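Q: My questions all concern the structure below.
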Amino acid sequence: MFMAAFLRASRKSLLSFCGIQFSHGQHSSLNCSKFICQFSRTHASEATQKSPFESNILRILRNEIEYQSDYAPPHPPVTQFNTFMVEDRPGEQWITLRRKFGSDEHIKIEATMFDGSITVPKSSDENIGEDVRLHISVLVDIWKGQGNEFLEFVCSAWPNSLEIQKVYILRNDGSPAQPYMVPNGFEQWLPRWPK
């Protein structure tokens with residue numbers, strides 16, 4: 065209903081702009097169609113007129129892009145990072161790293177793509193502008209043996225720091241997750257990275 069009223073109003077304003085008179089429900093669209101065609105041609109010709117330099121640069125860029133897409137070999141996906149096996153899931157925003165440590169300890173890390181950012185003043189002598197610090201969320205699961213119980217660390221990662229937000233003890237039997245109560249002074253045992 066609203067769209068029909070909008071179209072009627074816009075048609076009337078366009079026709080009145082073209083100088084078309086309404087008489088007894090009839091109108092002439094000849095002048096308007098000439099105006100629209102003339103407007104379209106002028107607009108299209110302005111959009112396609114480029115300097116020879118611009119045309120040449122665009123042609124070179126199109127050729128290079130076409131060549132790269134046709135002849136450059138695709139990069140194989142990364143399957144290993146240091147001692148971790150990488151499981152990439154195309155189309156998803158998560159990546160999984162797995163590692164077996166020792167004879168029966170397993171580590172699984174799931175990390176997001178960048179899921180946040182903050183701006184901070186530049187730390188250089190110029191002090192002009194801002195730097196962007198990107199954030200990722202990380203889940204770390206650690207279990208031994210058959211994995212009946214495991215620890216899950218919910219972490220927040222910034223370029224120079226990793227913050228453990230929560231620690232859960234999980235069981236495979238379907239019982240609810242229990243948050244791990246961190247003892248006082250636990251922070252002193254965590255590794256510290258320079259900021």
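In this text, residue positions in the sequence shown follow our numbering: the first is 65, and each later residue adds one.
Backbone N, C-alpha and C define an ideal beta-carbon position, used for all residues, glycine too.
It should be emphasised that the depicted structure is a prediction, and the values quoted were computed from it without experimental measurement.
1) Quick one: any contact between the stretch 168-182 and the stretch 196-204, if contact means 3 or more CB pairs under 8 Å?
2) Using only alpha-carbon positions, find the residue among ASP152, LEU125, PRO116 that is nearest to PRO141.
3) Pull up the distance between the alpha-carbon of ILE124 and that of PRO137, whole angstroms please.
4) Return the first residue and the last residue of the alpha helix (DSSP H) that GLU213 is part of.
5) Is GLU130 helix, strand or coil by DSSP?
6) Assuming LEU215 and ILE206 are in contact, meaning their beta carbons sit under 8 Å apart, how far apart are those beta carbons, in whole angstroms?
7) Using the beta-carbon count (16 or more within 10 Å), is LEU122 buried or exposed?
8) Rounded to whole angstroms, what's the CA-CA distance from LYS208 to THR147? Just pull it up for me.
9) Report all residues from its chain with a CB closer than 7 Å to the CB of THR106; omit the five preceding and five following residues, and keep chain order.
10) Inspect the beta-carbon positions of THR183 and ASP195 and report whether they are closer than 9 Å.
11) With DSSP collapsed to three states, give me the class of PHE117.
12) Can you find the residues in the same chain that come closer than 6 Å, C-beta to C-beta, to GLY193, ignoring five residues on each side of it along the sequence?
13) Return helix, strand or coil for ARG163, following the three-state DSSP convention.
14) Using C-beta distances below 6 Å, list every residue in its chain close to CYS219, excluding the 5 sequence neighbours before and after it, in chain order.
15) Assuming MET149 contacts ARG163 under a Cβ cut-off of 8 Å, what Cβ separation, rounded to an integer in Å, is found between them?
A: If we stick to the structure as given:
1) yes
2) ASP152
3) 21 Å
4) Element bounds for GLU213: not the alpha helix (DSSP H) but the beta strand (DSSP E), 213-222.
5) helix
6) 5 Å
7) exposed
8) 18 Å
9) Any reading at THR106 is ruled out, since the residue's pLDDT is 44, under 50, leaving its predicted position unreliable.
10) yes
11) helix
12) LYS186
13) strand
14) VAL202, LEU226, ILE228
15) 7 Å
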